[in-house]
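Have a look at the structure below, then the notes.
Number of protein chains: 2
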Amino acid sequence: MRYLHTMVRVRDLEESIDFYVNKLGLEQIGRHDVEAGRFTIVFLAPAGQKEAPVELTYNWDPEKYDGGRNFGHLAYAVDDIYGKCADLMAAGVTISRPPRDGRMAFVRSPDGISVELIQEGGALEPAEPWKSMPNTGEW
Amino acid sequence: MRYLHTMVRVRDLEESIDFYVNKLGLEQIGRHDVEAGRFTIVFLAPAGQKEAPVELTYNWDPEKYDGGRNFGHLAYAVDDIYGKCADLMAAGVTISRPPRDGRMAFVRSPDGISVELIQEGGALEPAEPWKSMPNTGEW
Numbered sequence: 590m591r592y593l594h595t596m597v598r599v600r601d602l603e604e605s606i607d608f609y610v611n612k613l614g615l616e617q618i619g620r621h622d623v624e625a626g627r628f629t630i631v632f633l634a635p636a637g638q639k640e641a642p643v644e645l646t647y648n649w650d651p652e653k654y655d656g657g658r659n660f661g662h663l664a665y666a667v668d669d670i671y672g673k674c675a676d677l678m679a680a681g682v683t684i685s686r687p688p689r690d691g692r693m694a695f696v697r698s699p700d701g702i703s704v705e706l707i708q709e710g711g712a713l714e715p716a717e718p719w720k721s722m723p724n725t726g727e728w
Numbered sequence: 590m591r592y593l594h595t596m597v598r599v600r601d602l603e604e605s606i607d608f609y610v611n612k613l614g615l616e617q618i619g620r621h622d623v624e625a626g627r628f629t630i631v632f633l634a635p636a637g638q639k640e641a642p643v644e645l646t647y648n649w650d651p652e653k654y655d656g657g658r659n660f661g662h663l664a665y666a667v668d669d670i671y672g673k674c675a676d677l678m679a680a681g682v683t684i685s686r687p688p689r690d691g692r693m694a695f696v697r698s699p700d701g702i703s704v705e706l707i708q709e710g711g712a713l714e715p716a717e718p719w720k721s722m723p724n725t726g727e728w
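Spelled out as structure tokens, the structure:
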């Protein structure tokens, strides 16, 4: 067996690419617009890690995408969790669970998919403004 | 950035390990029972691919795990999609979307997580009983 991808559905493809690529930092490694099926799929992966992509599925005809509790999150390690969270906030992304412990944060995609960020190599020293920043909503 | 895992929640850990390990064929590469948080997490990955695990989260106190439309599926390539589907059926797993095209099948975990199976290396010749097997439910 070989892991291929995790697929999530997106309501607005441009908004989602803005989140996953411009804000989160994944790279687009493939895109297929399928006229016959009226859908587009886009594959996004960390730099140098094409074997672990997330697949965005965008159905051209609108659907409602509610979130269920059976799915938890996608998780990525980042080199500097404080810098990454600061960049995400500057880009308008709510840090649902700030990295108070220097180790772990959560944000949500435009469709409510939780994304966990973990400090590569272990926790940083707890630091403000993160240390005293409260949670926002659920993730 | 580095992909770490995809997390799904499970209602019954033993039933889920039976599905993901004994039936689907992933290997257990880690387990942490966290008394303080009253949860257990289990990491499962394809053989030789520890860098792409799924994390099962089992909360000791019962929750209801409904499925939302924003999450799609986990996908794995398999060497023999007909053999894999036959084994899964023999083990009592419903093939929600049989591999009629010799290429793609879907099953569901005990908690309703869709798992896509793709024939490694491209489609096999369409063959019975798969070719004429109808879909069962959604996936």
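Chains as they are written, first to last, in our numbering: chain A, 590 to 728; chain B, 590 to 728. Heads up, the beta-carbon is just placed ideally off N, CA and C, and yes, glycines get one too.
- Distance from the CA atom of R620 of chain B to the CA atom of D601 of chain B, rounded to whole angstroms, is 15 Å.
- Using a Cβ distance threshold of 8 Å, L645 of chain A and V597 of chain A count as a contacting pair.
- Residue burial is scored here from C-beta neighbours: T595 of chain A has at least 16 other C-beta atoms within 10 angstroms and is therefore classed as buried.
- Runs of beta strand (DSSP E) with 3 or more residues, each lying fully within the stretch 605-655 of chain A, are found at 616-623, 628-634, 643-648, listed in chain order.
- Under the 8 Å criterion on CB atoms, Y665 of chain B is classed as interfacial with respect to chain A.
- Q617 of chain A is outside the set of residues whose beta carbon lies under 8 Å from a beta carbon in chain B.
- Y671 of chain A is bridged by DSSP to nothing; it lacks a bridge partner.
- In terms of Cα proximity to Y665 of chain B, the closest of A:P642, A:P635, A:W728 is A:P642.
- Using beta-carbon distances, E652 of chain B counts as an interface residue toward chain A, with a partner under 8 Å.
- Residues E616 of the same chain have their beta carbon placed closer than 7 Å to that of A636 of chain A, with the five preceding and five following residues left out of the count.
- As a beta-bridge residue in DSSP terms, L706 of chain B pairs with B:Y665, B:A694.
- Under the criterion of beta carbons closer than 8 Å, M590 of chain A and G614 of chain B qualify as touching, at roughly 5 Å.
- By the C-beta density criterion, E714 of chain B is exposed, having fewer than 16 other C-beta atoms within 10 angstroms.
- Chain B places no beta carbon closer than 8 Å to that of Q708 of chain A, leaving this residue out of the contacts.
- Only those residues of the stretch 591-603 of chain A whose C-beta falls short of 9 Å from the nearest C-beta of chain B are listed: R591, Y592, L593, H594, T595, M596, V597, R598, V599, R600.
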